[in-house]
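Novice: Quick one: the structure is below, and I'll ask about it shortly.
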Amino acid sequence: MQLDRRNLLIAALAGAVAACTEPAASRSVRVAVAANFTACAKEIAAAFQQERGDPAVLSFGSSGAFYAQIAQGAPFDVFLSADAAKPRQLVAEGLAPASGLFPYAIGQLALYSARAGLVDAEGDVLRTGNFARIAIADPQLAPYGQAAIEVMDRLGVRARLAPRLVRGTSIAQAFQFVSSGAADLGFVAQSQLVGATGGSRWAVPADLHSPIEQQAVLLAKASDNPAATAFVAFLKSAAARAIIARYGYGLPG
Amino acid sequence: MGLVIRTTAELAAITTILLLILATPLAWWLTRSSSWTKDLIAALVALPLVLPPTVIGFYVLVALGPDSPLMALLHPFGIRTLAFTFEGLVIGSLVYSLPFAVQPLRTAFELIGTRPLEIAATMGAGPLDRFLTVVVPLARRGFVSAAILVFAHTVGEFGVVLMIGGAIPGETEVLSTRIYRLVESLDFAAAHRIAAGLLVFSFVALFLLFLADRRFSALER
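Here is the structure:
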């Protein structure tokens, strides 16, 4: 009896190991998506599945966390970063071929408030407005935060705003601070405002900051996954570009 | 770095003191009461144990925002919002660490039983007198446990602070959120240093807790 049970256990363990080593869902592609691209990526994945029949499994988070996870062997095939630096670093570290690197979207910055009438069409609220807190994404972590700092510098209002600044860990959190009303206004991604009604906003002109070039990279371990290469090809297609433009991103040339 | 440590230590110390004051009558009532509301309140108090900290943080953020009814009460005093302030962090920490103060105190109060109090009453001691001279000394083990647990738990608090803090240096940036930022900005070496420090601190705190526990039980025997 004792022996039987042990054999059963060994068999179960062997089965579990076999299940783990088997290429899990070999036809699907796993994509790590930067937080600002969430809504857009969902729509692209849906269109991709409709066209190819293969699902794309999306994970959403901050680019910094994804970089660290991929460097530690996370099972992603494609990484859509919020910046250009992290995908380039993955290439430099040999985790992705240089040929797998390409820009997929140009981020657009917006100044947004959940309160109607606070943000004007020229962004003068930054110079003259009376408010307690302005939210940005942490400039050390998020390119949108870095761009927000550059805008404040260019407008000469950084010193005025510094004591009122609150930092979210990602552009998603900056948006959450503003939309919950906890911060009066904040720099968010244009893509987060698509479909949102109410509040007040200013589309920050692109010449006030260096471009937020968002790079994608096909990772080395995905080289033998046809679904991954198909997803990358789809991301460059006219259909996907139309979706990206609709979400308020600029298109890479 | 020194600033972050100071903010963290101040937050933990203030939270510990306030929670011991607030949790003592609450734990006492939970021990003595026999009404059904006791279970209702006990469940409410235990909620932070099972809720994801980010959920607590989000509700606290909304509650401290300028549009909340809670903040409307403070408008006459010139306070519009407590989100992104040190005071806001203290409120979040009180909610988050409440069960860690109530539970050890409740256990300690229950262990005392009713006899010592009845004896004190027959000797003419009033309710407050009984509590201060009989219950508090007998429950000191519970107070020490609660203090250490709350302090350590508040130092390790992350999700709530992340949601309501806004990482303002010297006001709302604490060690745990600093580690997160360092990891996210790929500065693993600096993150390691702080994380190792926190690990040692937490270990020492828990070690002291168990040491104190043993000493007290030895004394009581």
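Protein chains in written order, with the working numbering: chain A, 25 to 277; chain B, 499 to 719. Every residue, glycine too, gets a C-beta built ideally from N, C-alpha and C.
Just to confirm my understanding: we take A/PHE201, look at its own chain, exclude 5 residues before and 5 after, and list those with CB closer than 7 Å. What are they?
Specialist: Hits under 7 Å: ALA159, VAL190, GLY192, ALA207, GLY210.
Novice: Determine, using beta-carbon pairs with one atom in the segment 257-273 of chain A and one in the segment 125-142 of chain A, whether at least three such pairs fall under 8 Å.
Specialist: Yes, they touch.
Novice: Short of 7 Å in beta carbon distance, which residues of its chain neighbour B/VAL593, apart from the five on each side in sequence? Order them along the chain.
Specialist: Within the same chain, B/VAL593 has close Cβ partners PRO546, ILE554, VAL558.
Novice: Find out if the Cβ-Cβ distance for the pair A/SER234, A/ALA63 is shorter than 9 Å.
Specialist: No.
Novice: For A/ALA227, collect the residues of the same chain with a Cβ closer than 6 Å to its Cβ; drop the 5 residues on either side in sequence, then sort them by chain order.
Specialist: Around A/ALA227: ALA134.
Novice: What is the rounded straight-line gap between the Cα of B/THR620 and the Cα of B/LEU636?
Specialist: Roughly 18 Å between the two C-alpha positions.
Novice: Between A/ARG157 and chain C, is there a C-beta pair that is closer than 9 Å?
Specialist: Note that chain C does not occur in the displayed structure, where the protein chains are A and B.
Novice: Taking the alpha carbon of B/SER643 as the point to measure from, which residue in B/LEU684, B/LEU509, B/THR579, B/VAL600 has its own alpha carbon closest?
Specialist: If we check each option's Cα against that of B/SER643, B/VAL600 comes out closest.
Novice: What does the alpha-carbon distance come out to for the pair A/PRO111 and A/ALA246?
Specialist: So the alpha carbons of these two residues sit roughly 15 Å apart.
Novice: Mark B/ILE617 as exposed unless 16 or more other C-beta atoms lie within 10 angstroms of its C-beta, in which case mark it buried.
Specialist: Exposed.
Novice: Mark B/PHE598 as exposed unless 16 or more other C-beta atoms lie within 10 angstroms of its C-beta, in which case mark it buried.
Specialist: Per the 10 Å Cβ criterion, buried.
Novice: Tell me which residues share the same chain as A/GLN132 and place their Cβ nearer than 8 Å to its Cβ, disregarding the 5 neighbours each side in the sequence.
Specialist: Within the same chain, A/GLN132 has close Cβ partners ALA213, GLN214, SER215, ALA227, VAL228, ALA230, ILE236, GLY272, TYR273, GLY274.
Novice: Say yes only if the C-beta of B/GLU655 is nearer than 8 Å to one or more non-hydrogen atoms of the ligand SAH, and no if none qualify.
Specialist: This structure lacks the ligand SAH, and indeed carries no ligand of any kind.
Novice: Is the shortest distance between the beta-carbon of A/TYR136 and the beta-carbons of chain B less than 9 Å?
Specialist: Cβ-Cβ to chain B under 9 Å: no for A/TYR136.
Novice: Can you tell me the Cα-Cα spacing of B/SER674 and B/GLY657, whole angstroms?
Specialist: Going by the C-alpha atoms only, they are around 9 Å apart.
Novice: Taking three-plus beta-carbon pairs below 8 Å as touching, is the segment 102-110 of chain A in contact with the segment 154-169 of chain A?
Specialist: These segments touch.
Novice: By how many angstroms is the C-alpha of B/ALA703 removed from the C-alpha of B/SER595?
Specialist: So the two alpha carbons sit approximately 16 Å from each other.
Novice: With a Cβ-Cβ cutoff of 9 Å, do A/ALA80 and A/SER105 count as a contact?
Specialist: Contact: no.
Novice: Beta-carbon of A/THR45 versus every beta-carbon of chain B: anything under 9 Å?
Specialist: Its pLDDT being 45, under 50, A/THR45 is placed unreliably by the model, and nothing is read from it.
Novice: Do A/ALA196 and A/GLU75 have their C-beta atoms within less than 9 Å of each other?
Specialist: No, Cβ-Cβ distance for A/ALA196 and A/GLU75 is not below 9 Å.
Novice: Three-state secondary structure (DSSP) at A/ARG225?
Specialist: If DSSP states are grouped into helix, strand and coil, A/ARG225 belongs with the strands.
Novice: Classify A/PHE155 as helix, strand or coil using the three-state DSSP reduction.
Specialist: Of the three classes helix, strand and coil, the one that applies to A/PHE155 here is coil, per DSSP.
Novice: Going by Cα to Cα distance, which pick from A/THR253, A/SER194, A/PRO250, A/GLY205 is closest to A/ALA60?
Specialist: The identity of residue 60 of chain A in the sequence shown is Asn, whereas the question assumes Ala. Nearest C-alpha to A/ASN60: A/SER194.
Novice: State the CB to CB distance for the pair B/GLY563 and A/SER204, rounded to an integer number of angstroms; the pair is presumed to be in contact (CB under 8 Å).
Specialist: Right, their Cβ atoms sit about 6 Å apart.
Novice: Tell me whether the beta-carbon of B/MET569 lies closer than 9 Å to the beta-carbon of B/LEU580.
Specialist: Taking 9 Å as the Cβ cut-off, B/MET569 and B/LEU580 qualify as a contacting pair.
Novice: Do B/VAL648 and B/THR514 have their CB atoms nearer than 9 Å?
Specialist: Closer than 9 Å, so yes.
Novice: Taking DSSP as the reference, what is the three-state secondary structure of B/PRO564?
Specialist: Reduced to three states, the DSSP call for B/PRO564 is coil.
Novice: At 7 Å on the CB atoms, spell out the chain B contacts of A/GLN164, in chain order.
Specialist: Within chain B, the residues near A/GLN164 are ARG679, SER683.
Novice: How is A/GLY169 classed by DSSP in three states: helix, strand or coil?
Specialist: A/GLY169: helix per DSSP, three-state reduction.
Novice: For the beta strand (DSSP E) containing A/PHE103, name the first residue and the last one.
Specialist: A/PHE103 -> beta strand (DSSP E) spans 102-104.
Novice: Going straight from the alpha carbon of A/ALA48 to that of B/ILE692, what length do you get?
Specialist: Note that A/ALA48 has pLDDT 46, beneath the 50 cutoff, so the model's placement of it is unreliable and the number below is only indicative. Cα to Cα, the separation comes out at about 38 Å.
Novice: Could you tell me which of A/ALA251, A/PHE199, A/SER261 sits nearest to A/ASP101, measuring between CA atoms?
Specialist: When each option's Cα is compared against that of A/ASP101, the closest is A/ALA251.
Novice: Consider the Cβ of B/VAL560: report whether some Cβ of chain A lies at a distance smaller than 9 Å.
Specialist: At least one chain A Cβ lies under 9 Å of B/VAL560.
Novice: Anything in the segment 643-677 of chain B with a Cβ closer than 7 Å to a Cβ of chain A? List those residues in chain order, please.
Specialist: Correct list: LEU660, GLY664, ALA665, ILE666.
Novice: Does the separation of the CB atoms of B/THR522 and B/LEU603 fall below 9 Å?
Specialist: Contact flag set, yes.
Novice: Could you work out which residues of chain A lie near B/PRO550, taking near to mean beta carbons separated by less than 7 Å?
Specialist: Near B/PRO550 there are no residues of chain A at all, since even the closest Cβ is about 15 Å away, more than 7 Å.
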